[in-house]
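Chemist:
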Amino acid sequence: MKKTTTIHILVLAVMTCLAAGCTKSSDADADRENPVVTLTSLSDGQVFTGAQTINITGSVTDNRYIKEIHIEISSLDTGEEYLHVHIHPAAASYNYDQPYLLTAGRNYKIRVIADDAQSNSSVRSVNISCIP
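Take 35 as the starting number for the sequence shown in the working numbering and just add one per residue.
Here you go:
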């Protein structure tokens with residue numbers, strides 16, 4: 035009887051631990067640092083003349099792991115999205131280089147968004163124009 039009771043208690047303890055989400059990591063191990071996003075090729079308010087290809091370049095670093103990078107190009111005037119690129123670097127640092135052909139007469143919002151594995155996020159954005 036004593037052996038059966040001990041086994042039942044052990045099984046109950048294991049099931050309770052599993053149901054409660056037992057884990058070895060502690061709150062002290064939680065990642066609370068946002069990724070760092072740099073945008074090196076463009077500056078806010080920059081003006082380009084005529085249709086031309088630009089390169090959106092920069093880097094993203096994280097203290098642990100970059101889950102995803104988004105490069106978004108949209109109309110500053112209407113919000114219409116022209117391009118949305120998803121990059122999954124699976125590393126702690128990544129250099130990006132995204133070409134894009136500008137159309138004369140448009141104003142653009144360019145955003146680079148980085149998320150790490152713990153849903154910490156950072157954004158860098160610039161507004162640029164392309165005149166005829």
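Just so it is clear, CB atoms sit at the ideal spot from N, CA and C, and this is done for glycine as well.
Hey, how far is the Cα of Pro123 from the Cα of Glu102?
Modeler: Residue mapping note: residue 123 aligns to position 89 of the sequence shown, counting from 1. Residue mapping note: residue 102 aligns to position 68 of the sequence shown, counting from 1. The straight-line gap from Cα to Cα measures roughly 7 Å.
Chemist: With 16 other CB atoms within 10 Å as the buried threshold, where does Gly92 fall?
Modeler: Working through the sequence shown from its first residue, we reach residue 92 at position 58. That one is buried.
Chemist: Does the segment 62-73 come into contact with the segment 104-118, if we say contact requires no fewer than three beta-carbon pairs (one atom in each stretch) closer than 8 Å?
Modeler: Taking 8 Å as the limit for Cβ pairs, the verdict is that the segment 104-118 does not touch the segment 62-73.
Chemist: Can you check whether the CB of Val157 is closer than 8 Å to the CB of Ile144?
Modeler: To locate residue 144, count along the sequence shown from 1; it is residue 110. To locate residue 157, count along the sequence shown from 1; it is residue 123. No. Outside cutoff.
Chemist: So which of Ser109, Asp111, Ile105 has the shortest CA-CA distance to Val71?
Modeler: Counted from its first residue, the sequence shown places residue 71 at position 37. When only C-alpha atoms are compared, the closest one is Ile105.
Chemist: Closer than 8 Å, CB to CB, is Pro123 near chain D or not?
Modeler: The displayed structure is made up of one protein chain only, and chain D is not part of it.
Chemist: Anyone know if the C-beta pair for Asn161 and Gly79 falls short of 8 Å?
Modeler: Along the sequence shown, read from residue 1 onward, the residue named residue 161 stands at position 127. Along the sequence shown, read from residue 1 onward, the residue named residue 79 stands at position 45. Cβ atoms of Asn161 and Gly79: closer than 8 Å.
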